[in-house]
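Quick note: the sequence shown uses this note's numbering, first residue 1048, plus one each step.
Notes to accompany the following structure.
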Amino acid sequence: MKKLIASSVLATAALFPAIVQAENLAAPTSMLVDQKVEIRKGATTAYPLVTSLPIGKSVTVIDEFINSAGETWYRVDLGSKQGWGLASRFTENSTNQSPLQTGSLATITGDQVNVRKGATTSYAVVTKLSKGTKVKVIDTFKNSKGELWYRIEVGSIKGWVIQSYLTPVTDSKPAPPSIESKTIQSEKAAVRKGATGSYSIVTYVYKNQKITIIDTFKNAAGETWYRADLGTVKGWIHEDAFKPTANLPSPPDTETPSLPEVGSYVYSSQNGIDVRKGATDSYASVAKLSVNQKVKVVDQFIHTNGTAWLRVEVTPTLLGWVPANTISATESINIDLYVSVAVANLRSGPSTNDSVIDQATMGTLLTAIDKAYDTSGDLWYKALNSSNQTVWVHETVVSTQPTFSKGATLIVGASNISLHSGASTQYKVKEVLKKDSKITFVGDFTNSLGQYWLQVKSSTGNTGWIQDTHMNSLQLLEKKLLSPEVTSLDGHQYLNWKKPSKYSISYSTLSSNRLKLSGGLTDVDLPKGNIPGIQSVETIASGSEKSVIVTFEPGYSFTIRDYNDKLSIKIVPLGLLGKHIIVDAGHGGKDSGAVGPTGLREKDVNLGTALILKEELEAYGAIVTLTRSTDIFLELSQRTDIANRSQADAFISIHGDSFSSTSNGTTTYYNSTVNFNGPRSKTLGTAIQKNMVSSMNTYNRGVKEQVFYVNRMNELPSVLVELAFLSNPKEEALLKTTEFRKKAAVGITKGLEEYFNNF
């Protein structure tokens, strides 16, 4: 970075009595005009005006200067002239791409680009757009990270896309922007940089002033804000400014929250509280507070909805905002408690008369932060649950020692824990458990010396005993499904849960259109509101474990995927229409597969049948992806990668069989030992096998479990079909014909139709 001090700057500096300074600036630097800016002959407003620049204009900054008033100014090169503009009116043009004008058309430059509800990646995805999609630009916004986002419109969908995925449509005439006019009704209203009260004020508007509205936005607090174009500046105005004063709602009958005084010291009442850059949850986290961490209050802020935030000093160089309700004036007791019964009720207050707001299963860790006694003298603990929610729990259902239910998965939190063959140190050590390894709780035992021992099964398969002195080093693996949300992709609705840790889920289908999710779940958040295609979502408890029952509307079914970080349920209508099928022609290229007596190669049979199957499925309105459409070689892993990266509904691998000259018939294979979608794979295989043998009139060899790679390593409902035997001269002759391949494709299509027409 070079420091530039032009001779004109030095001359100008002599005119000011205060000491001036030049800042480091890479030159020349391309920047965008963020707000309408006046360009002057010198670096104060006292200098004559050279010109004015509109919002969005790209300029070259060649110098920087701080005047005696502390204002930073940029010297810009406009080609035929140069001048000085206030630095706050410019923003970085990181891509050096021409800015997009409101009302202009733009093209999406990436594939499956996220369109979001707001102008940061923390907002939910509204939809995804493919490369080359034309969109209309209806607004621009630079967020707190300095990223430039555009609000776009395509069809009936509106949302935000980051600048790097948009390019202007060449030679296109800007579409006329949608303009609405509103009149300010309040005496005075703030115009802010963003759509919450925490953003800085850029100007004010006054009663009876007519405003040009270019956008609307409802924020996370449910407030509606209007984006206004005031000519020289754009900003956001709260909806209340447009409501007649007489109709404004009366203020709520609640007192202003009592907040700690600025300068006082307070304590974090929860573990893992985010310290944020601003006073809403949408701001980035800069640190986390642990329970009882002491911090200093340096500022306060109360939103219009009454939510209060405190700005705290974590260290002399680290400050940020935390919700006021997560802070206490006194230290908490900070005791680790473990649920000691199968299911414990967590209440809203220290009494059995208070409502149950959550439940916890045996072994769940709760952090007690306070205690109280009810009218009967029973002790209650005020604690934080797994979601950092404040709850009350009775003393009889918790213990200060860890307790685990049989079958619970535990994480070893220390090194060199000995697994003995019996419940005493006199027994031999079968294995030394590694830190972070997983063990399964089997049972417990108190020996003749009064020592308490745990019987566990290690990840290597050894069953043995560990002494209770290690219990505090064991942590229950909590299998949680959290933060459910409904998203949309390519016209389909998805119900997604977050998984904070990696674990396996199992599922089964029940009568009456019900899907059961199980596998030792310990905590489940239920979705709120109506979900199209789903009647209800509920949990049931069996001992210390929870299961989820999803009941679908008649006429709907599902495709389910279990990822490391989430569980995703695709909600689909019955029928083959719109279903995405991956068709895999086995072998290919250098791998010919089996070869018949007359030289018929399996790879050719497979590809020929796959191409016919594609036509058959597409005639029913299905979407088909071929792993190969020509004679090329693919590794098995490449075939499953195509499936696993997709949002498809089923995978079919086509093969020809070979053994002896008398072997005959048709077989369908699936896998359930590794494939998460084993239950659906078996159902799919049964339907396809029945319809194939009926269409081809071949011997039915049945539906069988196997560990073929393309089924085993597949995350979709998947089957591998063996059409007939190339080693059998009669069946080889059939496999040569287009007619027989057509019959195979028709049978597979009918099998898929049957599968997708049933829950």
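Think of the CB as a built atom: it goes at the ideal place given N, C-alpha and C, for glycine as much as any other residue.
None of the values given here were measured: they were computed from a predicted structure.
query: Assuming Asp-1651 is part of the beta strand (DSSP E), what are its boundary residues?; result: It is not in any beta strand (DSSP E) - Asp-1651 instead sits in the alpha helix (DSSP H) that spans 1649–1666.
query: Do you know how far the Cα of Tyr-1667 is from the Cα of Leu-1624?; result: 6 Å
query: Around the C-beta of Gln-1068, are 16 or more other C-beta atoms found within 10 angstroms, so that it is buried, or is it exposed?; result: For Gln-1068, the predicted model reports a pLDDT of 33, less than 50, meaning its position is unreliable and no value from the coordinates is stated.
query: Going by other Cβ atoms of all chains shown within 10 Å of its Cβ, with 16 needed for buried, is Pro-1776 buried or exposed?; result: exposed
query: How about Pro-1574 and Pro-1531: are their beta carbons less than 7 Å apart?; result: yes
query: Are there three or more Cβ pairs, one per stretch, closer than 8 Å when the stretch 1409–1423 is compared with the stretch 1373–1382?; result: yes
query: Cutting at 6 Å between CB atoms, please list the residues of its own chain near Glu-1585, excluding the five before and the five after it.; result: Ile-1596
query: Sorted by chain position, which residues of the same chain lie with C-beta nearer than 8 Å to Leu-1466's C-beta, five sequence neighbours on each side aside?; result: Val-1476, Lys-1477, Glu-1478, Val-1479, Leu-1480, Val-1503, Ser-1505, Asn-1509, Gly-1511, Trp-1512 and Ile-1513
query: Going residue by residue through the stretch 1342–1407, where are the continuous beta strand (DSSP E) segments of at least 3 residues, counting only ones entirely within it?; result: 1355–1362, 1365–1370, 1382–1386 and 1390–1394
query: Verify whether the separation of the beta carbon atoms of Ala-1430 and Ala-1407 is less than 7 Å.; result: no
query: I'd like to know whether the C-beta atoms of Phe-1698 and Leu-1763 end up nearer to each other than 7 Å.; result: yes
query: Provide the residue span of the beta strand (DSSP E) that contains Asn-1691, from first to last.; result: Element bounds for Asn-1691: not the beta strand (DSSP E) but the alpha helix (DSSP H), 1683–1691.
query: Is Gly-1454 buried or exposed, if buried means 16 or more other CB atoms sit within 10 Å of its CB?; result: exposed
query: Where do the ends of the alpha helix (DSSP H) carrying Gln-1736 lie?; result: 1725–1743
query: Which same chain residues end up closer than 7 Å to Trp-1120 when comparing Cβ atoms and leaving out the 5 residues on each side of it in sequence?; result: Ala-1090, Phe-1112, Asn-1114, Trp-1131, Gly-1132, Leu-1133 and Ala-1134
query: Quick check: the Cα distance between Leu-1295 and Leu-1521, rounded to an integer number of angstroms?; result: Residue confidence is low: Leu-1295 scores 40 on pLDDT, short of 50, so the model does not pin down where it sits. Its coordinate-derived value is still stated next. Approximately 57 Å, taken between the alpha carbons.
query: With 16 other CB atoms within 10 Å as the buried threshold, where does Ser-1177 fall?; result: exposed
query: Just to confirm before moving on: does the CB-CB distance between Ile-1616 and Leu-1529 stay below 7 Å?; result: no
query: Quick check: the stretch 1575–1584 against the stretch 1659–1674, are at least 3 beta-carbon pairs closer than 8 Å?; result: no
query: Hey, would you say Ile-1735 sits closer than 7 Å to Ile-1795, going by beta carbons?; result: yes
query: Just confirm the distance between the C-beta atoms of Lys-1593 and Lys-1545, as a whole number of angstroms; I'd bet it's less than 8 Å.; result: In fact, because the Cβ distance is near 16 Å, the residues do not count as touching under 8 Å.
query: Give, in chain order, every unbroken run of the beta strand (DSSP E) that is at least 3 residues long and sits entirely within the stretch 1239–1325.; result: 1248–1253, 1257–1265, 1271–1276, 1281–1285, 1312–1315 and 1320–1323
query: Taking the C-alpha atoms as reference points, what is the distance between Tyr-1251 and Ile-1404?; result: 44 Å
query: Buried or exposed, going by whether 16 or more other CB atoms sit within 10 Å of the CB of Val-1309?; result: exposed
query: In its own chain, which residues sit with a C-beta less than 8 Å from the C-beta of Thr-1092, not counting the 5 before and 5 after it?; result: Glu-1085
query: Taking DSSP's pairing of strands, which residues face Thr-1230 in a bridge?; result: Lys-1257
query: Pick out whichever of Lys-1254, Phe-1264, Tyr-1253 and Ile-1258 has its Cα sitting closest to the Cα of Ala-1242.; result: Phe-1264
query: Give the DSSP-derived three-state secondary structure of Ser-1520 in the structure shown.; result: helix
query: Tell me where the alpha helix (DSSP H) around Pro-1644 begins and ends.; result: No alpha helix (DSSP H) contains Pro-1644, which DSSP labels as neither H nor E.
query: For Val-1344, which option in Lys-1083, Val-1173, Val-1313 and Leu-1621 has the closest C-alpha, if you only look at C-alpha atoms?; result: Val-1313
query: Assign Thr-1443 to one of three DSSP states: helix, strand, or coil.; result: helix
query: For Leu-1683, collect the residues of the same chain with a Cβ closer than 8 Å to its Cβ; drop the 5 residues on either side in sequence, then sort them by chain order.; result: Tyr-1756, Val-1757 and Met-1760
query: With a threshold of 8 Å, are at least 3 pairs of Cβ atoms found where one atom belongs to the stretch 1650–1665 and the other to the stretch 1716–1724?; result: no
query: With a threshold of 8 Å on Cβ separation, who are the neighbours of Glu-1665 within its own chain once the five nearest residues in sequence on each side are excluded?; result: Val-1671
query: State buried or exposed for Ala-1461, treating a residue as buried only when at least 16 other CB atoms are found within 10 Å of its CB.; result: exposed
query: Around the Cβ of Leu-1496, are there at least 16 other Cβ atoms within 10 angstroms (buried) or fewer (exposed)?; result: exposed
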